[in-house]
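Chains as they are written, first to last, in the working numbering: chain S, 1 to 194; chain F, 1001 to 1194; chain Z, 2001 to 2194; chain C, 3001 to 3194.
Heads up: the structure comes next, in structure tokens.
Protein chains: 4
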Amino acid sequence: MTVLQGKGSEQMSMQSVAQEAGVSVGLIYRYFANKEDVLRSVIVGVLEDIEARVPAAILAAGEDPVDQVAAGFDAYCRVIAENSEAAVITYRESSRLSAENRTLIKDLEMGSVQPLGRATQEAVEAGLFAPVDVDLFAYNLVLLAHGWALKSWYFQPQHTVDSYIRGQLALVLSAALTPDHHIEYSRYLTAKED
Amino acid sequence: MTVLQGKGSEQMSMQSVAQEAGVSVGLIYRYFANKEDVLRSVIVGVLEDIEARVPAAILAAGEDPVDQVAAGFDAYCRVIAENSEAAVITYRESSRLSAENRTLIKDLEMGSVQPLGRATQEAVEAGLFAPVDVDLFAYNLVLLAHGWALKSWYFQPQHTVDSYIRGQLALVLSAALTPDHHIEYSRYLTAKED
Amino acid sequence: MTVLQGKGSEQMSMQSVAQEAGVSVGLIYRYFANKEDVLRSVIVGVLEDIEARVPAAILAAGEDPVDQVAAGFDAYCRVIAENSEAAVITYRESSRLSAENRTLIKDLEMGSVQPLGRATQEAVEAGLFAPVDVDLFAYNLVLLAHGWALKSWYFQPQHTVDSYIRGQLALVLSAALTPDHHIEYSRYLTAKED
Amino acid sequence: MTVLQGKGSEQMSMQSVAQEAGVSVGLIYRYFANKEDVLRSVIVGVLEDIEARVPAAILAAGEDPVDQVAAGFDAYCRVIAENSEAAVITYRESSRLSAENRTLIKDLEMGSVQPLGRATQEAVEAGLFAPVDVDLFAYNLVLLAHGWALKSWYFQPQHTVDSYIRGQLALVLSAALTPDHHIEYSRYLTAKED
DNA sequence: GATGAATGAGGCTTCATTCAT
DNA sequence: TATGAATGAAGCCTCATTCAT
């Protein structure tokens, strides 16, 4: 069942969560053991969404590692954008979780970096990317994706998700691509108007 | 006065803040109107630190815009690293502040991006940087600096602040520098062992 | 109907009572007006059991008042032992009942003392018992019977209901019997092994 | 400190406990970790009172074991009478305690029987008491003492604590004393008017 | 100035009760 | 009849805030 559709918002009191979900407080406790369980569920939900959609996007991008990185980042950003409230909750509330749940979330998040890391690694090995620090590069992709949710107030007026993704891809790919391949992938490097 | 030196930690109740600071609850209320005031003070403190040290570092970096960007980013990261608990609090607690205080913090943070933005702009105009999206580039610097505090659990074992700064500079500068100038600034682009 | 067979246990929430009884919560509310009604029913059930079996045991004991007292106490103890959970509930929950129901239960309990009181009275009048305080003596019998349920943790390892009854009878009858009749009723006064 | 002076009453909600004690809810949590802690403290308080006063009374009773039993029972009853609300709480709420605390209370209660048991034992060995089941006899004394609190509604109109103690002593001592010693201890055996 | 005992509103959670199926 | 999902009032507990000392 999908109590908790439009989770998020600002208030995280069980009363307000219930009200927003349009159910009673008591009903939440039929599906979740306690508040921490609700929180974990929301956060893990986003991470599972990422786990489902980012690898899929990479797979659908074909053989080219650069296309894979671009597609993976694109998908990551879109999941975050579609769940930006939940993404923000991750930063705001995860310190309230038990050590166990925090570990769970860390592990899932670290796992979510890996597909991007693998594509990056392949791009490096194929000579398409300069020999960048693969881990750092991949993690930056994740951080930039989160940035859209964390700093929406900063980007929102001037950017849409599309333009944000395009802009960030232009930056990060030009950081990584060897000069020889800039023209080949110029479709990612030119910031188009939106 | 310097009540609230090493606040931070995890607990943000006034009683635990007092205990950690080694003072009584009552004393905090002599210096701060209420909890929100304490929070704002902590957050604004970090931002003022940035406001003081990042421009100073840029100034000290000399005429070269690329050196300025590097020095500014370096300083930004170090302030965050020295106040990582407060930096995390910004993300965790700012949603609990009044609209007014949130606006104040946003303004300060947007202001903190500007020195980095100006240096970036100059680098572009001097032909040292490719024509990147200056705002986005500058904001990414800030986000990556915050990343050190937000994701310490991810980077900590393998990275020190120094290696983190070096690694990130290598990435972001190779993103921006035109191929012609890679050699000139190769000191930033090679990740050295630490 | 016999919803609520082996209620008891520790949990007294309607949901757990229902689960233990193997029925739905809703069904309980078809047979009982509310929780207090369930409670009263459980408690009254035990008292009615006593009201049915103690006089019957006394009747079956024949003419001898001492045998009647012994038989009555024996029966009282056995009803309590067979319903020890419900007996404990009486002590634990009766303060939650309405004044009206508490009065009802008091009256039933006072009534349950009477057959023991009458037999005691006859024993005194027949010169078998010393002139004890009949009310107190009879009530002690009830209290000692309850003691089996209330303090099972104290008696359980060393005593069975049988040995408990035998031991208590030995004590209370030797308290009451005049010295002249000790031998006549020595069958009650010697604690046998079990 | 003595928050919780006149504990007891009927209501055991923290709100009502606070109100009755004339303090705020919050203050209770400065002295007690949680509700269970309050409960345990009340119950243990009575048991410690017994532990203090019953042995003292026995000691003060002199060398005679029968006097000791009488004095011990007298003291036990008076502690219960002075704390009858707390004594009732023991029966009503101890099932809500953690296993650990229940064990603690059992142990204290079993300990509280011992002084009475020892005096009884001595009386038996001195040939003053018939060879009764010492454990059972001693425990009955405790149960009868509790009886005053548990069944106050039954005894109250006709009995004071004094007359209750006198009446019970007459019963239990005549149960135990060998016929030879009835006259010697007749001061305990005759129920006087009150 | 400095303390920390005291307060009580507000948040989490349980559970008696209802009602649509 | 029988079910069990849904409700929401009430209880436990925390913690921002005050104030007598």
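Beta carbons are placed, not taken as given, at the ideal position from N, Cα and C, and that holds for glycine.
If we ignore side chains and look at the alpha-carbon of each, how far apart do residue i and residue j end up?
i	j	result
ASN1140/F	ILE165/S	13 Å
PHE2073/Z	GLN3068/C	29 Å
LEU2136/Z	SER3163/C	11 Å
ALA1018/F	ALA1033/F	14 Å
GLU1036/F	VAL44/S	30 Å
LYS2106/Z	TYR3154/C	8 Å
ILE89/S	VAL1161/F	26 Å
PRO179/S	GLU1184/F	16 Å
ALA1070/F	LEU1169/F	7 Å
HIS3181/C	LEU3128/C	6 Å
ALA2145/Z	SER41/S	53 Å
ALA1082/F	GLU3100/C	The residue asked about is misnamed: residue 1082/F is Glu in this sequence, not Ala. Using only the alpha carbons, I get a separation of about 46 Å.
GLY2147/Z	GLY2022/Z	30 Å
SER13/S	TYR29/S	13 Å
SER3095/C	ARG2096/Z	15 Å
ALA2060/Z	LEU2171/Z	23 Å
GLN2015/Z	SER2152/Z	27 Å
GLY3008/C	SER3112/C	Reliability of the predicted coordinates at GLY3008/C is poor, the pLDDT of 47 falling under 50, and no value is obtained from them.
SER1098/F	GLN158/S	25 Å
ARG1187/F	LEU1104/F	38 Å
ALA3126/C	GLN2156/Z	30 Å
LEU27/S	GLU1020/F	39 Å
GLY62/S	GLY1062/F	47 Å
If distances are taken between C-alpha atoms only, which option among the options comes closest to residue i?
i	options	result
VAL3134/C	SER3084/C, ALA3070/C, CYS3077/C, GLN3114/C	GLN3114/C
CYS77/S	GLY167/S, VAL124/S, ARG118/S, ALA21/S	GLY167/S
GLN3011/C	GLU3085/C, ALA3149/C, VAL3023/C, ARG3040/C	GLU3085/C
GLU3048/C	LEU3027/C, GLU3109/C, GLY3062/C, GLU3063/C	GLU3109/C
VAL3124/C	ASP3064/C, GLY3111/C, SER3098/C	ASP3064/C
One question on the structure: do residue i and residue j come within less than 8 Å of each other, judged by their Cβ atoms?
i	j	result
ALA3130/C	LEU3116/C	no
VAL1132/F	ALA1176/F	yes
VAL3046/C	VAL3079/C	yes
ALA119/S	ILE58/S	yes
LEU1173/F	VAL1066/F	yes
LEU2039/Z	GLU2093/Z	yes
ARG1102/F	ALA1075/F	no
ALA3056/C	ALA3149/C	no
TYR2091/Z	TYR3031/C	no
Name, going along the chain, the residues of the segment 27-40 of chain S whose beta-carbon falls closer than 7 Å to a beta-carbon of chain F.
-> Taking 7 Å as the cut-off between beta carbons, none of the residues of the segment 27-40 of chain S comes near chain F.
Against chain S: residues of the segment 1140-1151 of chain F by CB proximity under 8 Å | Along the segment 1140-1151 of chain F, the positions whose C-beta sits under 8 Å from a C-beta of chain S are ASN1140, LEU1143, LEU1144, GLY1147, LEU1150, LYS1151, read in chain order.
Could you give the uninterrupted runs of the beta strand (DSSP E) lying entirely in the segment 2091-2141 of chain Z, keeping only those of 3 residues or more?
-> Entirely contained in the segment 2091-2141 of chain Z, not one beta strand (DSSP E) run reaches 3 residues.
Continuous alpha helix (DSSP H) assignments of at least 4 residues falling wholly in the segment 4-57 of chain S = Runs of the alpha helix (DSSP H) spanning 4 or more residues and lying entirely within the segment 4-57 of chain S occur at 14-21, 25-31, in chain order.
For the segment 2080-2095 of chain Z, which residues have a CB atom closer than 7 Å to at least one CB atom of chain C, in sequence order?
-> Listed by position along the chain: TYR2091, ARG2092, SER2095.
Please specify which runs of the alpha helix (DSSP H), each continuous and at least 4 residues long, are wholly inside the segment 3063-3095 of chain C, giving them in chain order.
-> Listed in chain order, the complete alpha helix (DSSP H) runs (minimum 4 residues) inside the segment 3063-3095 of chain C are 3065-3082, 3084-3093.
Any beta strand (DSSP E) of 3 or more consecutive residues that is wholly inside the segment 2160-2185 of chain Z | If we require 3 residues or more, the segment 2160-2185 of chain Z turns out to have no beta strand (DSSP E) run fully inside it.
Near-chain F residues of the segment 153-177 of chain S - C-beta to any C-beta below 9 Å = For the segment 153-177 of chain S, which is checked against every Cβ of chain F, the residues closer than 9 Å are TRP153, TYR154, PHE155, GLN158, HIS159, TYR164, GLY167, GLN168, ALA170, LEU171, VAL172, LEU173, SER174, ALA175, ALA176.
Chain Z contacts from the segment 3120-3140 of chain C (Cβ-Cβ distance under 7 Å) = Answer set for the segment 3120-3140 of chain C: ALA3130, VAL3132, ASP3133, LEU3136, PHE3137, TYR3139, ASN3140.
Members of the segment 99-118 of chain S near chain F, C-beta cut-off 9 Å = So the close ones are ARG102, LYS106, GLU109, MET110, VAL113.
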